[in-house]
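In the numbering used here, the protein residues as written are 1198 to 1363.
Below is the structure:
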């Protein structure tokens, strides 16, 4: 995967800007978003021709009152109890969508674990470590970034833990 050598372009998402600023190797993968698609993540996997277990969705939950990011494969679902345990909490529930959008600076279906307005505690499903690269949202619907799971964990401060259910 070639390092993105281009200068910051106007219209680059905060996620892409963060990757460029960190000097991280990544690849931008775009596709035509269908507003009628029932699942943003599954749509991305199909449109990009990538195994859904390698495309990860970014979910925002509340763990003991603290907004927390969970990054899990689109082929599975988030285990809220496992997320709480992974970040040292007791109780987790999905966050209010408006609070998630306001805090991250992204819209649902385009929330990226990178370049958020406020850095939130983050957990990345351990299955990510089985792939050399994974895809996550680049900060808007129809745009993904492919990068190594190690780079994603380093840039977000994520803990790797089994937080997904098949």
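The beta-carbon is built from N, C-alpha and C at its ideal position, and this holds for glycine as well.
Source: prediction; values computed, not measured.
Here's the rule I'm using: 16 or more other beta-carbon atoms within 10 Å means buried, otherwise exposed. How should residue 1257 be labelled?
Around the C-beta of residue 1257, 16 or more other C-beta atoms lie within 10 Å, and the residue is accordingly described as buried.
Spatially closest choice to residue 1261 from 1347, 1334, 1331, 1286, by CA coordinates:
Of the listed residues, the one whose Cα sits closest to residue 1261 is 1286.
Can you tell me where the alpha helix (DSSP H) holding residue 1213 begins and where it ends?
In the DSSP annotation of this structure, the continuous segment of the alpha helix (DSSP H) that includes residue 1213 starts and ends at 1211-1219.
How close, in whole Å, do the beta carbons of residue 1211 and residue 1307 come, if the pair is a contact with beta carbons under 8 Å?
Going by Cβ atoms, the distance from residue 1211 to residue 1307 rounds to 11 Å, so no, they are not a contact pair.
Could you tell me if residue 1343 is buried or exposed, where buried requires 16 or more neighbouring beta carbons within 10 angstroms of its beta carbon?
So residue 1343 counts as buried.
Under the three-state reduction of DSSP, which class applies to residue 1358: helix, strand or coil?
Strand at residue 1358.
With a CB to CB cut of under 7 Å and the five nearest residues on each side skipped, what residues in its chain are close to residue 1294?
Beyond the five residues adjoining it in sequence on each side, residue 1294 comes within less than 7 Å, by CB distance, of 1305 in the same chain, given in chain order.
Of all the options 1280, 1331, 1318, which has the alpha carbon lying nearest to the alpha carbon of residue 1264?
Ranking the options by Cα distance to residue 1264, first place goes to 1318.
Out of 1244, 1222, 1300, which one is the CA nearest neighbour of residue 1230?
Closest by C-alpha distance to residue 1230, out of 1244, 1222, 1300, is 1244.
Would the stretch 1321-1332 and the stretch 1263-1279 be scored as touching if the rule is three or more Cβ pairs under 8 Å?
With a cut-off of 8 Å, the stretch 1263-1279 and the stretch 1321-1332 count as touching, because enough Cβ pairs lie within range.
Reference residue 1316; option with closest CA among 1291, 1222, 1252, 1350:
With distances taken between Cα atoms, residue 1316 lies closest to 1350.
Collapsed DSSP secondary structure at residue 1238 in the structure displayed:
Here residue 1238 sits in helix by DSSP.
Local Cβ density within 10 Å of residue 1363, reported as buried at 16 or more and exposed below that:
By the neighbour-count rule (16 or more Cβ atoms within 10 Å), residue 1363 is not buried but exposed.
Excluding the 5 residues preceding and the 5 following residue 1241 in the sequence, name in chain order all residues of the same chain whose CB lies nearer than 6 Å to its CB.
Taken in chain order, the residues that qualify are 1252, 1341.
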